[in-house]
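J.: I'd like to ask you about the structure that follows.
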Amino acid sequence: MNFGIIIDNIDLYLQGLWMTVQLVSLSLATGLVLAVPLAILANSNNWLLRGPVWCYSYFFRGTPLLVQTFLIYYGMGQFQLIKESILWSVFREAYWCALIAFTLNTAAYTTEILRGAIKNTPRGEIEAAIACGMSRLLMIRRIILPSAFRRTLPAYGNEVIFMLHGSSIAGLITLVDLTEAARTINSRYLSPYEAFITAGLFYMALTFLIVWLFKRIEFRWFAHLRPRSG
Amino acid sequence: MFNLYGYGPSILEGSWLTVKVALLSLLLAVVLGMVGALAKLSASRSARLVAGVYTTVIRGVPDLVLMLLIFFGGQMLVNDLSTALGYETAPDIDPFTAGALTLGFIYGAYMLETFRGAILSVPAGQLEAGYAYGMRKHQVFFRILLPQMIRHALPGFGNNWLVLLKSTALVSVIGLDDMVRRAGIAGRATQKSFTFYLVAALGFLVFTTISIILLRWAEKRYSLGFAPRTH
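Chains as they are written, first to last, in our numbering: chain A, 1 to 230; chain B, 1001 to 1231.
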């Protein structure tokens, strides 16, 4: 194996790394913002509110991210209405299509994780909030969401890693992310081991970084549950 | 909207391939996962180390990267091997084998963790009781450990299967003629990509739904005699 070609082309990998980091962090952030209201709706007693959220979440969790991305990138051009509107400047760009697909996907999974966590809020916490005279919105903001976020943390950490790994398909709609950088090197030098192992190492480093980060957050957020010393 | 311009049978054929790849890799994943779980729990240090490296590496790298590595790298390995052995031409690795092997290899690591947890939740006293009755190692495994661990393994197993099922879409990247690829071809030919990718998506949704129903049934069956799960 000759890792010299990797060192010569490290710029391409770094460029891909930057693309991967951008796509993953932007879609995760937007997805989380979308998931909070959706998860609250999913816990509503009114099925008119709950139903659409369930359908959305079921569709995006039941189909591959690859198909969702193709559906948006290759599919939107089918509609004359979109092609003639201002929306086309968005759907024409692979970058925006990937962001939209990734965001909708992670929002669906995050909604499901959060929905479960909200549902499992201890009764006493809600009763205490009502007893304190909190309004519904205040109760959601101060009691239900913080408590639910804490319980979603381990599952959400997994979702972040899944999103990082899922983003490797971005290259299939012409974006140059880490995986696509490796594919380019492989086809240029016919060196699959060096090309893909390097990409794999980058992904592993990112994965470990995420795991470490979530351990740190868990340590902070669960501080009140740690045994007190001294 | 659902005028398929005669591409229906082609996509149906592709979906059969998707199912075949998924089931074959599931089989491999279960075997690998079981062997790996026993290795990770074994007394041998080297077996634990191998299993540990396996799960860490697989779970740290995206499926697509591993699939490309095995597809392109595996072909190169076969080429080099056959040259070294003095053959003129090397056999081609077909995408079906590469796809199923890779997916099985990847999801074996996830199954391993599920099975390890399930094995640990079978009370050790029951296994000891088996040995006390004079059962052999494989008898304890098949008569006591396996039937008891299924109940604990099923929820995790179900999750892994659903993720694996969706990952089979990736085999279209290494040139396998699956449902996604067929939908893509039909979409390009008719300029109706949205329609055809939506059909592929609905196909996956059908597989997912059937799986969820079967898994629910299995979970119920294997939990007979235990209190229903509270959530």
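Cβ coordinates follow ideal geometry from the N, Cα and C atoms, glycine included.
Hey, A/Thr110 and A/Ala148 are a contact pair by Cβ (cut 8 Å); roughly how many whole angstroms apart?
T.: About 11 Å; that fails the 8 Å criterion.
J.: How should A/Gly124 be labelled, buried or exposed, when 16 other C-beta atoms within 10 angstroms of its C-beta is the threshold for buried?
T.: Exposed, because fewer than 16 other Cβ atoms sit within 10 Å of the Cβ of A/Gly124.
J.: So with CB distances below 9 Å, who are the chain A contacts of B/Ala1090?
T.: The premise fails here: B/Ala1090 is roughly 14 Å from chain A at the closest Cβ pair, so nothing lies under 9 Å.
J.: Taking CB distances under 8 Å as the criterion, tell me whether A/Thr63 reaches chain B.
T.: Yes, A/Thr63 lies at the interface with chain B (some Cβ there is under 8 Å from its Cβ).
J.: Whole-angstrom Cβ separation of A/Met139 and A/Ala129, contact assumed at under 8 Å?
T.: The Cβ separation is near 4 Å, so the contact holds.
J.: Is DSSP giving B/Leu1165 helix, strand or coil here?
T.: Helix, per DSSP.
J.: Against chain A, does B/Val1050 count as a neighbour if the rule is that its beta carbon must be under 8 Å from one of theirs?
T.: With 8 Å as the cut-off, B/Val1050 does not count as an interface residue toward chain A.
J.: Please identify the residue among A/Ile5, A/Leu81, A/Leu32 and A/Gly16 whose C-alpha is closest to the C-alpha of A/Ile169.
T.: When each option's Cα is compared against that of A/Ile169, the closest is A/Gly16.
J.: Please tell me whether B/Val1065 and A/Tyr13 are closer than 8 Å, where the distance is taken between their beta carbons.
T.: No, they are not a contact pair.
J.: Which whole-angstrom value describes the C-beta separation of A/Ala182 and A/Phe196, a residue pair presumed to lie in contact below a C-beta threshold of 8 Å?
T.: With a Cβ gap of about 5 Å, A/Ala182 and A/Phe196 count as contacting.
J.: Quick one: measure Cβ to Cβ for B/Ala1029 and B/Gly1104, integer angstroms, because I've assumed they're closer than 8 Å.
T.: Going by Cβ atoms, the distance from B/Ala1029 to B/Gly1104 rounds to 5 Å, so yes, they are a contact pair.
J.: Considering only the beta carbon of each residue, do A/Leu175 and A/Ala101 sit closer than 8 Å?
T.: Cβ distance not < 8 Å, so A/Leu175 and A/Ala101 don't count as in contact.
J.: If you follow the alpha helix (DSSP H) that B/Met1179 is part of, which residue opens it and which one closes it?
T.: Start and end: Met1179 to Thr1190.
J.: Rounded to whole angstroms, how far is the Cβ of B/Arg1181 from the Cβ of B/Ser1172, which I believe are closer than 8 Å?
T.: With a Cβ gap of about 4 Å, B/Arg1181 and B/Ser1172 count as contacting.
J.: Going by CA-CA distance only, name the one from A/Gly77, A/Ile40 and A/Thr207 that's closest to A/Thr20.
T.: Of A/Gly77, A/Ile40 and A/Thr207, the residue nearest in Cα terms is A/Thr207.
J.: Would A/Ser27 and A/Leu81 qualify as a contact pair, given that the criterion is a beta-carbon distance under 8 Å?
T.: Not in contact: A/Ser27 and A/Leu81 (Cβ atoms no closer than 8 Å).
J.: For B/Ala1189, does the count of other Cβ atoms within 10 angstroms reach 16, so buried, or fall short, so exposed?
T.: So B/Ala1189 counts as exposed.
J.: Using 8 Å as the limit for Cβ to Cβ distance, is B/Lys1137 near chain A?
T.: No, B/Lys1137 lies away from the interface with chain A (no Cβ there is under 8 Å from its Cβ).
J.: Please check the pair A/Ile6 and A/Glu180, which I expect to be a contact at CB under 8 Å, by giving their CB distance rounded to whole angstroms.
T.: No, A/Ile6 and A/Glu180 are not in contact; Cβ-Cβ is about 15 Å, not under 8 Å.
J.: State yes or no: is the C-beta of A/Gly200 within less than 8 Å of the C-beta of B/Val1061?
T.: Yes, the Cβ-Cβ distance between A/Gly200 and B/Val1061 is below 8 Å.
J.: Does the Cβ of A/Gln68 have 16 or more other Cβ atoms within 10 Å, making it buried, or fewer, making it exposed?
T.: Looking at its Cβ environment, which holds 16 or more other Cβ atoms inside 10 Å, A/Gln68 is buried.
J.: Please report how far the alpha carbon of B/Ala1118 lies from the alpha carbon of B/Met1111, in whole angstroms.
T.: Computed Cα separation, rounded: 10 Å.
J.: Compute the distance between the beta-carbons of A/Thr106 and B/Leu1205, then report whether it is under 8 Å.
T.: No. Outside cutoff.
J.: Is it buried or exposed, B/Leu1015, if we count other Cβ atoms within 10 angstroms and call 16 or more buried?
T.: Residue identity differs from the one stated: residue 1015 of chain B is Ser in this sequence, not Leu. Looking at its Cβ environment, which holds 16 or more other Cβ atoms inside 10 Å, B/Ser1015 is buried.
J.: On the CB-based measure, 16 or more other CB atoms within 10 Å of its CB, does A/His165 come out buried or exposed?
T.: So A/His165 counts as buried.
J.: So is A/Gly157 in contact with chain B if we call contact Cβ pairs under 8 Å?
T.: Answer no: the Cβ-Cβ gap between A/Gly157 and chain B never drops below 8 Å.
J.: Only counting runs of 4 or more residues, tell me where the alpha helix (DSSP H) segments fall wholly within the stretch 1116-1157 of chain B, in order along the chain.
T.: If we require 4 residues or more, the alpha helix (DSSP H) runs fully inside the stretch 1116-1157 of chain B come out as 1124-1132 and 1137-1140.
J.: On the CB-based measure, 16 or more other CB atoms within 10 Å of its CB, does B/Pro1095 come out buried or exposed?
T.: B/Pro1095 comes out buried.
J.: What would DSSP say about B/Val1019, mapped onto helix, strand or coil?
T.: Correct three-state label for B/Val1019: helix.
J.: Less than 8 Å between CB atoms is the rule here; does B/Pro1062 satisfy it with respect to chain A?
T.: Yes - at least one Cβ of chain A is within 8 Å of the one on B/Pro1062.
J.: Count the CB pairs spanning the stretch 1083-1099 of chain B and the stretch 215-227 of chain A that are closer than 8 Å, and state whether there are at least three.
T.: Taking 8 Å as the limit for Cβ pairs, the verdict is that the stretch 215-227 of chain A does not touch the stretch 1083-1099 of chain B.
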